[in-house]
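If you're matching positions, the sequence shown starts at 21 in our numbering and goes up one per residue. Everything below concerns the one structure shown next.
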Amino acid sequence: MSLLLEHVRKSYIEPNGNRLPVLGIERYELGQGEQASLVGSS
């Protein structure tokens with residue numbers, strides 16, 4: 021295994037004070053020699 025992500029989260033606080041979750045990864049494994057990309061609106 022080359023990369024292991026567990027419990028990765030990212031959120032932003034909106035102007036009204038609410039939390040806006042934008043990323044939630046419980047578990048992700050990327051094996052040796054594999055490639056991945058993250059795609060989404062910015």
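Each residue gets a CB set at the ideal place from its N, CA and C atoms; glycine is no exception. As the structure is a prediction and not an experimental result, all values here were calculated from the model.
Spatially closest choice to residue i from the options, by CA coordinates
i: valine 59; options: Arg39, Leu43, Gly37; result: Leu43
i: valine 6; options: Tyr48, Ala56, Ser57; result: In the structure displayed, the chain extends from 21 to 62; residue 6 sits before or after that span and is not available.
Backbone CA spacing between residue i and residue j [nearest angstrom]
i: lysine 30; j: glutamate 54; result: 24 Å
i: glutamate 46; j: proline 35; result: 27 Å
i: leucine 25; j: glycine 37; result: 28 Å
Where the beta strand (DSSP E) through residue i begins and ends
i: glutamate 46; result: 39-50
Whether residue i touches residue j by CB criterion (8 Å)
i: tyrosine 32; j: leucine 23; result: no
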